[in-house]
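Working notes, beginning with the structure itself.
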Amino acid sequence: MSGGKRQAESEGFDWSSIPYKKIGIILLVIAVVIIAIVFAVHMINKRKVIDEANANSNIVENETSTDDTMPEEYEGYKVLGQLVIEKLGTEQYILDSKEDSAMGISPVKFYGTDINTEGNFCIVGHNYEGVFDKLNQLEVGDEFYIIDREEVIQDYVIKEIKEIEPTDLNVFMSVKDKIQVTLITCIEGATKRLAIIAERIDIEG
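First residue of the sequence shown: 481, per the numbering used here; consecutive thereafter.
Here's what the structure looks like:
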């Protein structure tokens, strides 16, 4: 009986024959490969996130630039251009209308030629907050600029400021050989008109 047991043990598996070192190397290699794969997948996903973020950024920039373009209409009125008076901190659309309601929204083209062309371009607005309420703060020598529909910017310098009667239409007279802009609004309880006459600043050279 005991002899049979000893024979079974002698015929059992020899654990010392297992190549532990080789198995360890194989497992290490497998672990390195797995780590490399995980890292590669992580970098790919990270790249996708960055690309998506850049794409979204481009979309936002495009939307912003679109929003910055001059609209065709403003408050239901056609937009001809934009008047910017930096001294007063105002940027206003010039509307193509002579309606009294339009003049209370933004300055309007009342008379004259096209924007930034030879002649007298007359802009009228009510003396309302956000329209022409600060016009009396301007002085001779101050500058402003007008942007037309083609996004062309033209600078003007104020040459004359005067108070006129409502019946005085001389400020609307056409002029030749120069580009002039006349800004007009009511003052003194609408009993007088303030007329600001400016001329284009020629760029020399």
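Using N, Cα and C, we set each Cβ at its ideal position, and we do this for glycine too.
Tell me where the alpha helix (DSSP H) around residue i begins and ends.
{"i": "D580", "result": "580 to 583"}
With 16 as the cutoff for other CB atoms within 10 Å, does residue i come out buried or exposed?
{"i": "T597", "result": "exposed"}
{"i": "P587", "result": "buried"}
{"i": "S581", "result": "exposed"}
{"i": "L560", "result": "buried"}
Taking the beta strand (DSSP E) that residue i falls in, what are its first and last residues?
{"i": "D628", "result": "623 to 628"}
{"i": "L560", "result": "557 to 565"}
{"i": "E609", "result": "No beta strand (DSSP E) contains E609, which DSSP labels as neither H nor E."}
{"i": "L575", "result": "570 to 575"}
{"i": "F652", "result": "Taken as a continuous stretch (DSSP letters only), F652 belongs to no beta strand (DSSP E), as it is neither H nor E."}
{"i": "E640", "result": "633 to 644"}
State the Cα-Cα distance for the pair residue i and residue j, rounded to the nearest angstrom.
{"i": "K558", "j": "K567", "result": "26 Å"}
{"i": "G569", "j": "I517", "result": "59 Å"}
{"i": "T636", "j": "Q617", "result": "The amino acid at residue 636 is misidentified as Thr; the sequence shows Tyr. The alpha-carbon atoms of Y636 and Q617 are separated by roughly 16 Å."}
{"i": "N607", "j": "E579", "result": "15 Å"}
{"i": "L674", "j": "D613", "result": "11 Å"}
{"i": "N542", "j": "M653", "result": "Here the model assigns N542 a pLDDT of 37, short of 50, so the residue's position is not dependable, and the following value carries that caveat. Their Cα atoms are separated by approximately 43 Å."}
{"i": "K658", "j": "T593", "result": "12 Å"}
{"i": "Q634", "j": "A670", "result": "30 Å"}
{"i": "N650", "j": "D622", "result": "22 Å"}
{"i": "I638", "j": "K656", "result": "18 Å"}
{"i": "K589", "j": "Y554", "result": "14 Å"}
{"i": "G663", "j": "V604", "result": "According to the sequence as given, residue 663 is Leu; it is not Gly. Distance between the alpha carbons of L663 and V604 is about 6 Å."}
{"i": "E630", "j": "F624", "result": "18 Å"}
{"i": "M583", "j": "G610", "result": "11 Å"}
{"i": "E668", "j": "L615", "result": "13 Å"}
{"i": "I506", "j": "I514", "result": "12 Å"}
{"i": "D648", "j": "Y591", "result": "14 Å"}
{"i": "I503", "j": "A511", "result": "12 Å"}
Is any non-hydrogen atom of the ligand HEM found closer than 7 Å to the C-beta of residue i, if you look at the structure I gave you?
{"i": "I659", "result": "The ligand HEM is absent from the structure shown, which contains no ligand whatsoever."}
Kindly list the residues whose CB is nearer than 8 Å to the CB of residue i, restricted to its own chain and excluding five residues on each side of it in sequence; keep chain order.
{"i": "Q562", "result": "M550, E571, Q572, Y573, I574, I626, I627"}
{"i": "Q660", "result": "G599, N600, F601, I677, A678, E679, R680"}
{"i": "K672", "result": "E643, I644, E645, P646, C666"}
{"i": "V620", "result": "I638, K639, E640, I641"}
For residue i, which residues of its own chain have a beta-carbon under 7 Å away from its beta-carbon, when the five flanking residues on both sides are left out?
{"i": "I683", "result": "none"}
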